[in-house]
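Here the structure comes first, spelled out in structure tokens, and everything after it is commentary.
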């Protein structure tokens, strides 16, 4: 998937996992869920964890969104054009009781993705 990074609600940043929210047009979305992904920005590949879905913990959205947290980098990506390659599905998108539970799970997702990326040398 490819598109421009647009501003979201800032919730990822608030819980310690800032995300690049992808503005897409006429894209075919993979099934809702959390994925280990590779994100291409300005010719550089970054390991990431991406959510595809409707953000159920925060009230949901009417259409799926793609938001990616780049691991081990803090680049400002607003307005950048990026491409997201889906490497492996990690889990279903689920609704959490609160942002604390969500933050803990995202931490586990990031660790799982880091382990995968070490094995495949990304």
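Residue numbers (our numbering): 2 to 123. All C-beta atoms, glycine included, are put in the ideal place defined by N, C-alpha and C.
Inter-residue Cα distance where the pair is residue i and residue j
i, j, result
"residue 104", "residue 112", "13 Å"
"residue 55", "residue 68", "10 Å"
"residue 11", "residue 20", "8 Å"
DSSP state of residue i mapped onto helix, strand, coil
i, result
"residue 81", "coil"
"residue 71", "strand"
"residue 119", "helix"
"residue 113", "helix"
Span of the alpha helix (DSSP H) around residue i
i, result
"residue 46", "Where residue 46 is concerned, there is no enclosing alpha helix (DSSP H), although the beta strand (DSSP E) it sits in stretches over 45 to 54."
"residue 13", "12 to 15"
CB contact flag (residue i, residue j, <8 Å)
i, j, result
"residue 123", "residue 48", "yes"
"residue 42", "residue 22", "no"
Boundaries of the beta strand (DSSP E) in which residue i is found, first to last residue
i, result
"residue 98", "It is not in any beta strand (DSSP E) - residue 98 carries neither H nor E in the DSSP assignment."
"residue 24", "21 to 24"
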